[in-house]
Amino acid sequence: MTEAKALVRIDPQFLLQKAVEGNASIETLERLVALAKDVREVQAREAWHEAMAEFQRRCPPIKKTNTAQIATAKGFYSYKYAALDEIMETIRPLLGELGLSVSWSSRVEPQRVVVACRIAHALGYSENSGEISMPVPDSQDRSGGNPAQRVGSALTYARRYSLLQVTGLAPEDDDDAQAGGKQTKTGRPESPARPAEADPGVEGAAATPAGDVPSDLEQAWVKV
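When you line the sequence shown up against this note's numbering, it's residues 2 to 225, in that order.
The following block contains the structure:
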């Protein structure tokens, strides 16, 4: 039996009750309180891992239903992605059912945003994606938009990427939509980062011929 499982099998509250009834010393009570804290932490951590395993087993497929077009010096290229709001709409009910919640911490720095996604369990244990840094293009970038829009775009991309990283999800191409002749949504990318280089597995970016991406889009996301 591992130490963690042995701790979970112990009932600290029962031991505390018996210690109080037996007029145990302050030192004994303090050790029992510390033991109770350790047990709660072990239980919370195990509950988080069990919930995440169940989440990954039952989570519906995440489809890439959006198509972004990137302007380059030689024209345009496109890539497909799953939008953050659609991902959250898909996973939120199951996360809630399993006692899990999602939150982000973020900060805006000169020319970049930094985001981390946290998945927490109702019992208190949580894990996060680590910090994801996303460059914010300047006003000369072809992606356009005012400063607030460019920052918002970078934040959205970083939030989506960090969420996928901490949950272990990988969006899939919407083959049903393609087979049925349905059109996918088209719009600007949520981030100025070059998708083909940033994360082809997550964003599904099409291969781009060398030299097609302008120099002002050369910076992709980096993990801090």
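Positions of the beta carbon are idealized from the N, C-alpha and C atoms, including for glycine.
For residue i, three-class secondary structure by DSSP
| i | result |
| --- | --- |
| residue 28 | helix |
| residue 107 | strand |
| residue 86 | helix |
| residue 21 | helix |
| residue 15 | helix |
| residue 61 | coil |
| residue 138 | coil |
Alpha helix (DSSP H) segment containing residue i, residue limits
| i | result |
| --- | --- |
| residue 100 | First-last for residue 100: undefined, no H or E at that position. |
| residue 131 | No alpha helix (DSSP H) holds residue 131; DSSP gives it neither H nor E. |
| residue 171 | Taken as a continuous stretch (DSSP letters only), residue 171 belongs to no alpha helix (DSSP H), as it is neither H nor E. |
Closest by C-alpha distance to residue i, when choosing among the options
| i | options | result |
| --- | --- | --- |
| residue 117 | 110, 123, 171, 106 | 106 |
| residue 137 | 126, 121, 157 | 157 |
| residue 67 | 167, 81, 126, 33 | 81 |
| residue 134 | 154, 54, 36, 76 | 154 |
| residue 88 | 127, 58, 65, 99 | 65 |
| residue 126 | 132, 147, 139, 103 | 103 |
| residue 164 | 83, 109, 113 | 83 |
| residue 33 | 122, 161, 18 | 18 |
| residue 171 | 39, 23, 57 | 57 |
| residue 108 | 152, 70, 90 | 152 |
| residue 174 | 37, 63, 147, 148 | 63 |
| residue 111 | 121, 92, 122, 149 | 149 |
| residue 35 | 12, 47, 71, 73 | 12 |
| residue 37 | 131, 15, 24, 25 | 15 |
| residue 79 | 91, 41, 69 | 69 |
Residue burial classification, residue i (beta-carbon count within 10 angstroms, cutoff 16)
| i | result |
| --- | --- |
| residue 187 | Residue confidence for residue 187 is low, a pLDDT of 45 falling below 50, so the modelled location carries little weight and cannot support an answer. |
| residue 94 | exposed |
| residue 229 | No answer is possible for residue 229: the residues shown for the chain start at 2 and end at 225. |
| residue 77 | exposed |
| residue 50 | exposed |
| residue 27 | exposed |
| residue 74 | exposed |
| residue 160 | buried |
Terminal residues of the beta strand (DSSP E) in which residue i lies
| i | result |
| --- | --- |
| residue 78 | 76 to 82 |
| residue 70 | 67 to 73 |
| residue 117 | 113 to 122 |
Near the ligand PLP: residue i beta-carbon under 7 Å from a heavy atom
| i | result |
| --- | --- |
| residue 150 | The ligand content of the structure shown is nil, which means the ligand PLP is not present either. |
Expected contact under 8 Å - CB spacing of residue i and residue j to nearest Å
| i | j | result |
| --- | --- | --- |
| residue 101 | residue 44 | That pair is no contact at about 15 Å. |
| residue 129 | residue 119 | 4 Å |
| residue 99 | residue 55 | 6 Å |
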